[in-house]
Structures are given as structure tokens and as C-alpha cells.
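Worksheet: one structure, shown below.
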Amino acid sequence: GQQVMQIPQYQHVQEGEDFTTYCNSSTTLSNIQWYKQRPGGHPVFLIQLVKSGEVKKQKRLTFQFGEAKKNSSLHITATQTTDVGTYFCAGPDGGTSYGKLTFGQGTILTVHP
Amino acid sequence: EAGVAQSPRYKIIEKRQSVAFWCNPISGHATLYWYQQILGQGPKLLIQFQNNGVVDDSQLPKDRFSAERLKGVDSTLKIQPAKLEDSAVYLCASSLGTGDYEQYFGPGTRLTVT
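Protein chains in written order, with this note's numbering: chain A, 32 to 144; chain B, 286 to 399.
And the structure:
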């Protein structure tokens, strides 16, 4: 079945440093979604990328979708303590018509003040 | 707009007991999902409903888990009998439809099986 892998599993940064997490799918994706889960919280939708090579920005967050639509990245510039949490990518299973999402295992971001 | 509601928020049971979780999705959302999230992992889809019909339950352990969505709104997920490995957070999510729609998650139910 489809597999979605994320690296790194953990990232510890000092406040103000940059952070990047990478997502790789075993299959070509029609789109990719990113979610953030704060400690003790639930996943919250951040963004969806659809086009090959697409780049989208949300303030200090930059999301990219690979040319082959099998990988994606999330880059945070100048991290803040409010960025703490686990970042998940999720891709739909292309073998289904109803977009069953497969989530990566997530990257846990810790920001030291 | 009210979010996805779930109850209870926490539940502790002994193995072999039964437990039920309830979910009320965002009004107007046709698709409802139940996920299992084990500590340190991403959410794993257990079952997906479109209105009151099941579109995917391939990862639902059907010998012990069951779910229903009566009238295409609220949903319940039941485990009977529970095993130690069922300890996890059970997340309910909803979306406007299937396919490329963002999912809105509820706060989850943290289940501990002792």
C-alpha cells in the first residue's frame, strides 16, 4: 500500500533558527496536505498543494510540492516558540476515488527560547 | 461555526471491557472519519463515511471495532472487547466531501486500556 515518510522525526532548534521537514510518498500524489498538531491537541489543517512544483507561503512558512509530485517540504523561517508541535504531511491514496488520506509519522519540532 | 465535538475526552478501562466514543461533525459536512493515533505516530484511518454509508473500513479491526453513522450526522465508534494495544487517541474528523477537501479534527478521546 501507499507509504508516506517524513524526516527528520525530531528537530530541536533555538528560537530564531530555521526549520525544514521533508515528506516523501511511495506513489505519485494528486495533492498533498499539511497539518500541525500542538502538544496535547488535535491536527489542524495548514495548506494543500496541488500543482507540480507549486510553492505556497503563509507568513514565515513556505510549502513546496515536488516536480514529480512524490515529495514535499515545509520550511519555517526564524522559528518562534508558537511553532512548537508536530507537523504532518498527508497524501490521498491514488487507488481510491474518495481520497483516503495516508499520514506521515510527523516531525516533532521543539523550539528553545 | 462550531467545530467537531467528541466525547468523552478521556476513558480508562480494563482489557476485555467495552467502550464507545461519540462524534458530532461540523454541520453540513457529508464525510466523517475515525482515526486512531498511537503516541508518536500519525493518525491512521479506521473508517470513512460518506453521509451514512461506509466508503472505507479496510483498516478497521472488525472482530472488535464497529462504527455507525445514523442519519448521516452523528457517529459512534465501539470497541468490544478492548485490548492493551487499543490504547491510543481516537480522533474524529469531518469534511465537506470526499476527495481533496481539508479535514477538520475534533479534540479526540484518549483511551487507556489497563
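Where is the CB? At the ideal position from N, CA and C, for every residue including glycine.
Source: prediction; values computed, not measured.
Asked	Found
Below-8 angstroms beta-carbon distance, A:Q79 vs any chain B residue	yes
Nearest neighbour of A:G137, chosen from A:T58, A:D114, A:S61 and A:Q40 [CA to CA]	A:Q40
Residue nearest to A:I78 in terms of C-alpha spacing, selected from A:G71, A:G72 and A:V86	A:V86
Own chain, CB closer than 8 angstroms to B:I311, minus 5 neighbours either side, in chain order	E286, A287, G288, V289, S379 and Y389
Cβ-Cβ distance between B:G384 and A:Y66 below 8 angstroms	no
Cross-chain neighbours of B:E299 in chain A, by beta carbon under 7 angstroms	Result: empty, since nearest Cβ-Cβ is about 25 angstroms, beyond 7 angstroms.
A:K101 - DSSP class collapsed to helix/strand/coil	coil
Chain-ordered chain B contacts of A:T64 [CB-CB under 9 angstroms]	The identity of residue 64 of chain A in the sequence shown is Gln, whereas the question assumes Thr. Here the neighbours are D385, E387 and Q388.
Assigned secondary structure, B:E299 (DSSP; H/G/I helix, E/B strand, else coil)	coil
Beta strand (DSSP E) segment containing A:P74, residue limits	P74 to L80
Nearest-angstrom Cα separation, counted from B:K356 out to A:N62	31 angstroms
Sheet register partners of A:N55 (DSSP bridge)	A:M36 and A:N102
Reduced DSSP category for A:T112 - H, G, I as helix; E, B as strand; rest coil	helix
Distance between B:K329 and A:S103 (C-alpha atoms, nearest Å)	20 angstroms
Run of the beta strand (DSSP E) containing A:H43, from where it starts to where it stops	Y41 to Q45
Unbroken beta strand (DSSP E) run spanning A:K90, endpoints	No beta strand (DSSP E) contains A:K90, which DSSP labels as neither H nor E.
Under 8 angstroms from the C-beta of A:H73: neighbouring residues of chain B	L376, F390, G391, P392 and G393
For B:E387, three-class secondary structure by DSSP	coil
Three-state secondary structure assigned by DSSP to A:K131	coil
Nearest-angstrom beta carbon gap, B:L324 and B:I418 [assumed within contact, 8 angstroms]	The requested residue 418 of chain B does not occur in the structure, where chain B is confined to residues 286 to 399.
Under 7 angstroms from the C-beta of B:G338: neighbouring residues of chain A	Here the premise fails: no neighbours, minimum Cβ distance about 11 angstroms.
C-alpha gap between A:G72 and B:D371, whole angstroms	19 angstroms
Residue closest to A:Q34, alpha-carbon to alpha-carbon, out of B:G327, B:R354, B:S292 and B:G338	B:G327
is_contact[A:K90, chain B] using C-beta, thresh 8 angstroms	no
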